[in-house]
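What follows is a single structure, written as C-alpha cells, with notes after it.
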Amino acid sequence: MKIDLIKSKINSICKFITYKENKELIKIYSADWRKRFSNICLGVAFPKSTSEVSKIVKFASKNDLKLIPQGGNTGLVGGTSPTKNKSEIIINLEKMDKLINIDENNKSIELQSGVIVEKAVLELEKKNFTFPLNMSSIGSSQVGGTIATNAGGMNVIKYGSIRNNILSLEVVLANGEVLNLGSNLIKDNTGYNLKDLFCGSEGTLGIITKARIKIYPKPIDHSSIFISMNSIKSLLIVFRYLNQNFLDKIERIEFISDLSFELCLKHNLLDKRFFEKKSNYYLLVKFIYFENSEINFEKIYTNLKGNFEEFLISQNEQQSIDFWKFRESLTEAQKIDGKLIGFDLSIPINQLENFLLQSQYKINELLPQIKFHIFGHLGDSNIHFNLIEPENIKKDFYSYEKKIKHIINNLIIKFEGSVSAEHGIGILKKDDFKKTKSLKEIKLMKNIKKLFDPKNILNPNKIF
Ligand SMILES: Cc1cc2nc3c(=O)[nH]c(=O)nc-3n(C[C@H](O)[C@H](O)[C@H](O)COP(=O)(O)OP(=O)(O)OC[C@H]3O[C@@H](n4cnc5c(N)ncnc54)[C@H](O)[C@@H]3O)c2cc1C
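Following the numbering used here, the numbering of the sequence shown begins with 38 at its first residue and continues without gaps.
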C-alpha cells in the first residue's frame, strides 16, 4: 500500500507523521534507549483514545500493515525497534495519559496506558498512597510499557512485579476489537487468567489501553543503610540476616559493585564516594515505616560486625535520598561510558558466588581487560551483569558478543537461572530465549500468538 494512502487514512483517525515528512523525528522514535538498532519506522501514530487505537488496528489488519506499540521507549531489549526499514508503524501511546480514578476504598488506581509511571507515583503520594512499581526509568516509562514487559524494579521484594498488581486491563486485539479483562476485585477465580497473558507479552498479543493497578499505603518515613564488604560470603550473611529479621520493613535490597562509584564519579553523576575506602561489594537497603517504630541500627551493626568493612546509616532523609539517587544513576552512567554488553539475569541466591567467580574467570580469559559493572536487585536475585568495553581494544567490542553470550548462557543453564529477569526478550534476547526454553514451551507460546494475532501484525519478529 502506498505511503501517501496510509498517511491520509491514519491521519483521518489521529496525528500521524511519516519518515517522508520528518525523518529526524522518526529517527528519534525508532531508536532504542541504547541505540543498538538502526532501522527506522514508516511513521508514528499518536492516538488519544481506545477507539482511535482500535480504528488504526482495524485498518492495519485489513491492509496487512505491521504495528509496533510504544510506551516511553525505555525498554532495553529492542522491543519497540522496527525490524524492517521504513515498513512498520509505531503506535505511540503518549497522548493516552489520563489518570482516570483513584479508588481509596478498594486501594486501586485506574489509568490510561500512556500515563508516565512517575505521574501516578506523585499523584498517589498526594493522597498518602504508593504505587507498587519503582525503578530508575519511571520518569519516562509508561504504565502500558511496564505491563507489556512485566517490569520489576527495586520494590519487588515488597510489592511484587507489576503482574502481581494488575486488577484489570483494557486491550485492543489484533482485529481491532476491544477486550476488558479482570475487575476491581482482589478475588476473581473465573476461568483462565487472560490478563496475565498480556502482561509480559511485549506488544505481540494486543495493545494495552487502560489498566487498574493495586496501590498501597504510603510509608510515613524511611531510612537507609549502605554496607561495604569484600566477599560474596559476607554479603550473603548480611543479606540473610536482614531478610530474616526485617523483611516486613524492607522495601529494597540492592547490590552494587565498586565500578559503580568509579563510573558515576567519572561522569559527574556523583560528587564523592560515600565510603572511606574501596571494597568489592556493597548492599544498599531501604527501610520503610508505617508507624513511629524506628529500627535499632546499633543492634544490626553489632550483630553483623566482622562481616562488613564499613557500615553507613543515613543520618537524615536527604542522605537516604542521595544514596538512592546514586543507585538510580547506574544505568545512565554505563550508557554514557560507551559500548556495553548487558545481561539482565536471575540466579538462585545460593549460586551467586559460583556464577560470579566462574563467569568473570571465563570472560577474562577471552578479553582480559574487560570491565565488569555488576549491580541489581539482590532482594529477588536479579543481577544486571554488564560488560563494559575495555580501553585499547583492537576489534569491535560487539564482535565478542556471541562468545560472551555462550559463556553466560551455559552458566545460567548450569545454575538454573533466567536469561531475562525483568527486561523481556524483544530482539536482543531472542537467541538466549531459544537456547534456554524448551521446544514444547516455545511451540505453545507461538500457538498462543497465532490465536491472538493470526496475521502477525502486532510487533512482528519480537520474542520468537
Ligand atoms: C535507566 C533505566 C532503568 C531501568 N530499570 C528497570 C528496572 O529496574 N526494572 C525493569 O523491569 N525494567 C527496567 N528498565 C527497562 C524499562 O524501563 C522497562 O522495561 C519499562 O517497563 C518499559 O516501559 P516503556 O513505557 O518505556 O515501554 P517501551 O520501551 O516503549 O516498550 C517496551 C515493550 O512494551 C511494548 N509496549 C509498550 N507499551 C505498550 C502498550 N500500551 N501495549 C502493548 N505493548 C506495549 C513495546 O512494544 C515493547 O515491546 C530500565 C530502563 C532504563 C532506561
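Glycine included, each C-beta is placed from N, C-alpha and C at the ideal position.
Please read these numbers as outputs of a predicted model, since none were measured by experiment.
N267 (DSSP reduced to helix, strand or coil)
For N267, the secondary structure class from DSSP, reduced to helix, strand or coil, is coil.
Quick one: using the 10 Å Cβ neighbour count with 16 as the cut-off for buried, is R277 buried or exposed?
Under this definition R277 is an exposed residue.
Please state whether the Cβ-Cβ distance between R540 and S145 is less than 8 Å.
Limits of the chain in this structure are 38 at one end and 501 at the other, which puts residue 540 out of reach.
Quick check on DSSP: helix, strand or coil for R73?
R73 falls in the coil class under three-state DSSP.
What do you reckon, are the CB atoms on G181 and L130 nearer than 8 Å?
In contact: G181 and L130 (Cβ atoms closer than 8 Å).
With a threshold of 7 Å, establish whether the CB of Q179 neighbours any heavy atom of ligand 1.
It does: the Cβ of Q179 is within 7 Å (strictly closer) of some heavy atom of ligand 1.
Using 8 Å as the threshold, is the C-beta distance between I252 and F312 below it?
Not a contact, by the Cβ cut-off of 8 Å.
Euclidean distance between Cα positions of N282 and N333
Near 12 Å, if we compare the C-alpha coordinates of N333 and N282.
Measure the CB-CB distance between V114 and K474 and report whether it falls below 8 Å.
No, these two residues do not count as a Cβ contact at 8 Å.
Given 8 Å as the limit, is there contact between the segment 194-207 and the segment 228-248, that is, 3 or more CB pairs closer than that?
They touch, by the three-pair rule.
Check for me: the beta strand (DSSP E) holding E288 runs from which residue to which?
First-last of the beta strand (DSSP E) with E288: I287 to S294.
Apart from the five residues on each side of it in sequence, which residues of its chain come closer than 7 Å, Cβ to Cβ, to L231?
The residues are L218.
Nearest-angstrom Cα separation, counted from K408 out to L488:
Rounded to whole angstroms, the gap between the alpha carbons of L488 and K408 is 45 Å.
Assuming contact is defined by CB atoms lying nearer than 8 Å, are I40 and L79 in contact in what I supplied?
A distance below 8 Å separates the beta carbons of I40 and L79.
Which ranges would you report for the beta strand (DSSP E) in the segment 454-498 if only whole runs of at least 3 residues count?
For the segment 454-498, not a single whole beta strand (DSSP E) run of length 3 or above is found.
Taking the alpha carbon of K309 as the reference point, which residue from L159, Q356, N280 and H410 has its own alpha carbon closest?
Looking at L159, Q356, N280 and H410, the one whose alpha-carbon comes closest to that of K309 is Q356.
Bridge partner(s) assigned by DSSP for S91
For S91, which the question treats as bridged, DSSP gives no partner whatsoever.
Check whether the Cβ atoms of L367 and S297 lie closer than 8 Å to each other.
Yes. Within cutoff.
Should the segment 373-391 be regarded as contacting the segment 170-187, the criterion being three or more beta carbon pairs within less than 8 Å?
Contact check between the segment 373-391 and the segment 170-187: fewer than three CB pairs, one atom from each, fall below 8 Å, which does not count as touching.
Got a sec: does ligand 1 put a non-hydrogen atom nearer than 7 Å to the Cβ of R323?
Going by the sequence as given, residue 323 is Lys instead of Arg. No, the beta carbon of K323 sits no closer than 7 Å to any heavy atom of ligand 1.
Please classify K323: is it buried, with 16 or more other beta-carbons within 10 angstroms of its beta-carbon, or exposed?
Classification of K323: buried, given that the 10 Å Cβ count is 16 or more.
Relative to the C-alpha of W361, which candidate in Q107, I137 and F292 has its C-alpha closest?
The option with the nearest alpha carbon to W361 is F292.
Anyone know if the C-beta pair for G461 and G197 falls short of 8 Å?
Against a cut-off of 8 Å, the Cβ pair of G197 and G461 comes out as no contact.
State buried or exposed for M38, treating a residue as buried only when at least 16 other CB atoms are found within 10 Å of its CB.
Counting Cβ neighbours within 10 Å, M38 comes out exposed, since fewer than 16 surround it.
Is F501 buried or exposed, if buried means 16 or more other CB atoms sit within 10 Å of its CB?
When all chains shown are included, F501 counts as exposed.
Less than 7 Å separating the Cβ of A82 from some heavy atom of ligand 1?
Outside the cutoff, so no.
Please classify S45: is it buried, with 16 or more other beta-carbons within 10 angstroms of its beta-carbon, or exposed?
Exposed, because fewer than 16 other Cβ atoms sit within 10 Å of the Cβ of S45.
Start and end residues, alpha helix (DSSP H) containing A185:
V180 to A185 is the span of the alpha helix (DSSP H), which, as asked, contains A185.
Distance CB(E147)-CB(K255) smaller than 8 Å
No, they are not a contact pair.
T227 burial status per 10 Å Cβ neighbour count (16 or more: buried):
Taking all protein chains shown into account, T227 has fewer than 16 neighbouring C-beta atoms within 10 Å of its C-beta and is therefore exposed.
For L415 versus I245, is the C-beta spacing smaller than 8 Å?
No, these two residues do not count as a Cβ contact at 8 Å.
T167 (DSSP reduced to helix, strand or coil)
Strand at T167.
First and last residue of the uninterrupted beta strand (DSSP E) at I350:
Where I350 is concerned, the enclosing beta strand (DSSP E) stretches over E347 to I350.
Helix, strand or coil: how does DSSP classify R310 here?
Shown here, R310 sits in coil according to DSSP, grouped into three states, outside any helix or strand.
Compute the distance between the beta-carbons of G190 and N165, then report whether it is under 8 Å.
Not a contact, by the Cβ cut-off of 8 Å.
On the CB-based measure, 16 or more other CB atoms within 10 Å of its CB, does S261 come out buried or exposed?
Under this definition S261 is a buried residue.
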